[in-house]
Structures are given as structure tokens and as C-alpha cells.
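Using my numbering, you'd call the opening residue of the sequence shown number 66 and step up by one each time.
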Amino acid sequence: EKSAWRHAQRHAGELEVLAERLQDNAESFEFEARSLRRQNEGLESRLDKERIEHAEDRQRWLEREVELFNVIKAQKAKVKERFVAPPTKLLEENAELYLRIDTLTAHLSQRESEVARQEDMISELQQTVGALMDELERGRFDVDHFEPATSGSSDLDALSAVDAGAPFLTPPKTPEPSEAAAQPAAVPPRRRRTSSAAAHPLAAAIPPVSTSAPFNALAEIDAKSAAPQAGAGLDVLSPGIATPRSFGSLAEELSRLGVPVHHGSANEPGALREKLAQYGLSTDGNRKILKRRLEKYLAKKKR
Numbered sequence: 066e067k068s069a070w071r072h073a074q075r076h077a078g079e080l081e082v083l084a085e086r087l088q089d090n091a092e093s094f095e096f097e098a099r100s101l102r103r104q105n106e107g108l109e110s111r112l113d114k115e116r117i118e119h120a121e122d123r124q125r126w127l128e129r130e131v132e133l134f135n136v137i138k139a140q141k142a143k144v145k146e147r148f149v150a151p152p153t154k155l156l157e158e159n160a161e162l163y164l165r166i167d168t169l170t171a172h173l174s175q176r177e178s179e180v181a182r183q184e185d186m187i188s189e190l191q192q193t194v195g196a197l198m199d200e201l202e203r204g205r206f207d208v209d210h211f212e213p214a215t216s217g218s219s220d221l222d223a224l225s226a227v228d229a230g231a232p233f234l235t236p237p238k239t240p241e242p243s244e245a246a247a248q249p250a251a252v253p254p255r256r257r258r259t260s261s262a263a264a265h266p267l268a269a270a271i272p273p274v275s276t277s278a279p280f281n282a283l284a285e286i287d288a289k290s291a292a293p294q295a296g297a298g299l300d301v302l303s304p305g306i307a308t309p310r311s312f313g314s315l316a317e318e319l320s321r322l323g324v325p326v327h328h329g330s331a332n333e334p335g336a337l338r339e340k341l342a343q344y345g346l347s348t349d350g351n352r353k354i355l356k357r358r359l360e361k362y363l364a365k366k367k368r
């Protein structure tokens, strides 16, 4: 019993020591727990603070992102306005220009066809006048003397009779003394007769020639080529050739050359003027052709 009691007492002492040790450990654990709780509270407060700061930073970055997005959108609009809008505008202007070019090309083609048609008409008219002058040259024509029949007829009306087959002038004969005394040396210049036909459409496109200085029709005629070319009708119908100060009628021009001109009563007036009027041309504008052929004819006769 004594040994058991001693053993129990020893075991109780050990248990008391162990209890004291456990009590110390519990106190240390409790102190450590309080320290950990304080650290945890500090960490939680710090974490809350960092969360608030992070939320504020996130809000600032969102605002900055929205601002940058607006800036990028504005820059895209500027770039589009600078680099995309001008080509589009240029394409629209090019389309308008192409349409205008097509319209002008169509008008030009129409005008060219009209000019070609008018040149064909002028060429046909020149051939008609040439045929009339050839008929005149084949007729009885004397460069020094002419037989008067009736005075007062138009020189153009007399030329028109050639188209009907009548001779332009009669052969010369010896006049009677009374007739020789009454006959003038030359027909004085008179006012040119204007045709009732409408003016040619091409004449409106040719600028008028100033009449302040005298116009040398012969020099103008000799400067042109003898062979007819494309567009020669414009020179033939030039208003400068048909002005009153350029040159007069055929009778006046022949009178200037010293050739008296008289007309026969058998001439039927108006045929040449009517033929020219069919082409919308004035007989006054074609005297250049007639005068040139008469000049060549007279020069050939004198040689």
C-alpha cells in the first residue's frame, strides 16, 4: 500500500507538473491567439483600405478608358474626313466630269457631223458655181468689148442665166455713132444687192473683220490655195469677203479692171440666186469665187 501510495503520489505530482505545463501552454497559446487576432484585424483593415483604393483606381481607369475611347473615336472621324471623304468627293466630281465629257463629246460629234454636212453642201455649191463659170468661159466672151442690150439688169441675175443655157454676153459689134456717143465707157459702181436668202449658219461663228482699213480682196484670194480643202467653205463664206468695203458686184470688179460690162435682154434673172438660196447661202458671200475665176480668165485671155 505504501508503495502504491507513493507511486500514486509521484504520478499525481507528474500530473500537476503536466497541468502547470499545459496551463502555461494555454496561456501562451491564448496570447498568441490574441496577437494573431490583432494581426488579422490589422490585415483586414489594410485589405479593406486596399480594396477601397483599388476600387478608386479602377474607377479612374474606367474614366480614362472612356476618355481614350472618345479621343480614338474623334481621331478616327478626323482620319476618315481627311483620307476617306476627299476620295469620295473626287470620285463624285470625276463622275460629273465624265458625264460632262460624254455630253460634250456627243455635242462635238453632232457638231462635226453638221460641219461635215455643211462642208459637203459648200463643196456641192462650189461645184455648181464652177460649172456656171465653166459655162461662162465656154460662152462668147470678149475681154475688151461687150455688146449692150438693155441696161439696168443685175449682174448676178445675168450670171444666173448661164445656168439656163443663155450666153452671158453677146459678141462685140461696131456701134453706131449715135450709140457710141451715148454709150458710157464703163458702168459706174453701184450699191450691192443683198440676197433675200438667210445667212449661212457657219457665218455666225466667224468673227467680223474690221472695216476701218481697206481690205485687199485680191491679196486675200491669192493667199489661199487653189485646190479646195476641208473647211475651205469657211474662207469662201468669210464675212470679211462679203462686207461692202471688200469689193463690189461683178460689174464693179470688172469695171475696176477696165472692162465694161453689159447684159443681154435674153437673160432670165433670179436663177442663180434661187439656186444658192436653196443651200441657205447669200450670193454676196460667193462673189469671191466668181471674181477669182474671172481674174484667171481675164489673165489667160490677155496672155
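We put the beta carbon where it would ideally sit given N, CA and C, even for glycine.
For E202, the three-state DSSP class (helix, strand or coil): helix
Give the straight-line distance between the Cα atoms of L190 and L169, rounded to the nearest whole angstrom. 30 angstroms
E66 by DSSP, collapsed to three states: which one? coil
Contact set for A171: own chain, Cβ-Cβ below 7 angstroms, skip 5 residues either direction: none
Hey, how far is the Cα of N53 from the Cα of Q140? Since the first residue shown for the chain is 66 and the last is 368, residue 53 is missing from the structure and cannot be characterised.
Rounded separation between G107 and W70 - CA only: 54 angstroms
Counting only runs that start and end within the region 96-124, where is the beta strand (DSSP E) found for 3 or more residues in a row? none
Alpha carbon to alpha carbon, how far is R111 from R102? 14 angstroms
Please report the straight-line C-alpha distance between I166 and Q192, rounded to a whole angstrom. 38 angstroms
How long is the line joining the alpha carbons of M186 and E177, rounded to whole angstroms? 14 angstroms
Please tell me whether, using a cut-off of 7 angstroms, the distance from the CB of W70 to the nearest non-hydrogen atom of the ligand NAD is below it. Absent from the structure shown: the ligand NAD. Ligands present: none.
Residue environment, V149, which counts as buried when at least 16 other CB atoms sit within 10 Å: exposed
Length-filtered (3 minimum) beta strand (DSSP E) runs lying within the region 123-172: none
Use the C-beta contact count for L80: other C-beta atoms within 10 angstroms, 16 or more gives buried, fewer gives exposed. exposed
Can you give me the C-alpha to C-alpha distance between A98 and N90, rounded to a whole angstrom? 12 angstroms
On the CB-based measure, 16 or more other CB atoms within 10 Å of its CB, does L164 come out buried or exposed? exposed
How big is the Cα-Cα spacing for Q124 and V131? 11 angstroms
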